[in-house]
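Same order as they appear, the protein sequences are chains A and B.
Under our numbering, residues 30 to 145 are what the first sequence spells out, in order.
Under our numbering, residues 251 to 363 are what the second sequence spells out, in order.
What follows is a single structure, written as structure tokens, with notes after it.
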Amino acid sequence: DVKVTQSSRYLVKRTGEKVFLECVQDMDHENMFWYRQDPGLGLRLIYFSYDVKMKEKGDIPEGYSVSREKKERFSLILESASTNQTSMYLCASSPRWDPSPREKLFFGSGTQLSVL
Amino acid sequence: QQQVKQSPQSLIVQKGGISIINCAYENTAFDYFPWYQQFPGKGPALLIAIRPDVSEKKEGRFTISFNKSAKQFSLHIMDSQPGDSATYFCAPPSNFGNEKLTFGTGTRLTIIP
Chain A
30 DVKVTQSSRY LVKRTGEKVF LECVQDMDHE NMFWYRQDPG LGLRLIYFSY DVKMKEKGDI
90 PEGYSVSREK KERFSLILES ASTNQTSMYL CASSPRWDPS PREKLFFGSG TQLSVL
Chain B
251 QQQVKQSPQS LIVQKGGISI INCAYENTAF DYFPWYQQFP GKGPALLIAI RPDVSEKKEG
311 RFTISFNKSA KQFSLHIMDS QPGDSATYFC APPSNFGNEK LTFGTGTRLT IIP
């Protein structure tokens with residue numbers, strides 16, 4: 030079974046703090062993603078990475094950065110947390126595209142971040 | 251960014267009934283149309299997906315219907331059960347040739363006895 034593990038289930042931080050959200054996958058997947066989930070807005074893509082040290086902006090990258098130093102680990106960084114970044118953050122991974130594997134995106138259980 | 255419109259936002263269905271959720275998209279250059287299912291406290295998981303060379307795909311009680319000309323695809327859950335209560339997302343790819351998905355806003359489905 031593919032396992033995508035997010036380091037924290039719940040996190041409470043103060044405005045202005047630097048926040049690290051960690052994600053590890055154990056299936057040797059090339060692609061990794063960070064989404065945030067908000068009620069009524071669905072899942073929105075923040076950043077994704079298709080290889081080590083490679084990253085691309087998603088639809089809402091402002092206020093976030095990412096790091097991928099090893100294939101299995103993808104970190105999301107909030108340089109200076111703000112209250113509007115209170116959300117559920119979901120990490121996902123998938124194998125590199127070819128006709129079949131592109132069909133499967135595997136998610137972690139999420140980190141509920143509250144910024145006070 | 252591709253626009254995805256999912257409806258309804260919430261749905262209550264009696265046990266044994268049919269649940270229907272719809273998704274409309276804009277970009278026609280896709281070859282893959284998935285539905286994801288999310289239970290409380292969990293991340294979404296792939297439920298069923300279809301390619302546009304067929305108009306319908308069935309897996310157990312779950313069916314995807316695809317209408318290419320209308321740029322719509324829908325999820326049908328037959329004989330709905332309380333265990334089907336979850337949030338459902340359609341997620342067509344953003345751009346042909348890359349792995350990004352654009353998720354709909356979600357439908358919260360509740361099956362009542």
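Even glycine gets a Cβ: it sits at the ideal position worked out from N, Cα and C.
Here's a check: name, in chain order, each residue in its chain whose Cβ is nearer than 8 Å to the Cβ of F77 of chain A, leaving out the five neighbours to either side.
N60, M61, F62, W63, K84, E85 and G87
Just grab the DSSP bridge partners of D67 of chain A for me.
A:G71
Less than 8 Å between C-beta atoms, sequence neighbours within five positions excluded: which residues of the same chain meet that for G347 of chain B?
Residue confidence is low: G347 of chain B scores 46 on pLDDT, short of 50, so the model does not pin down where it sits. Its coordinate-derived value is still stated next. Taken in chain order, the list of residues that qualify is empty.
Quickly, what does DSSP pair K41 of chain A with across the bridge? List them, please.
Reading off the sequence shown, one finds Val at residue 41 of chain A, where the question assumed Lys. A:S143.
Below 9 Å between beta carbons is the criterion; list the residues of the segment 73 to 96 of chain A that meet it against any residue of chain B, in chain order.
Those residues of the segment 73 to 96 of chain A that come within reach of chain B (Cβ to Cβ, closer than 9 Å) are R73, L74, F77, Y79, E85, G87 and D88.
Sorted by chain position, which residues of the same chain lie with C-beta nearer than 6 Å to F353 of chain B's C-beta, five sequence neighbours on each side aside?
So the qualifying residues of the chain are F339 and A341.
So, for T313 of chain B: in the same chain, excluding its five sequence neighbours on each side, which residues have a beta-carbon less than 6 Å away from its beta-carbon?
H326
Using a 10 Å radius around the Cβ and a threshold of 16 neighbouring Cβ atoms, would you call P124 of chain A buried or exposed?
buried
Please list, in chain order, the chain A residues whose beta carbon lies closer than 8 Å to that of F339 of chain B.
G71 and L72
If you reduce the DSSP assignment to three classes, tell me which class N113 of chain A lands in.
helix
Under 8 Å between beta-carbons, which chain C residues line up against L50 of chain A? List them in chain order, please.
The chain inventory of the structure shown lacks chain C, comprising the protein chains A and B.
Going along chain B in order, which residues have a C-beta closer than 9 Å to the C-beta of S37 of chain A?
Per Cβ cutoff of 9 Å: no residues; S37 of chain A is ~14 Å from chain B at best.
Given a limit of 8 Å on CB to CB distance, which residues of the segment 288 to 304 of chain B reach chain A?
G291, K292, G293, P294, A295, L296 and A299
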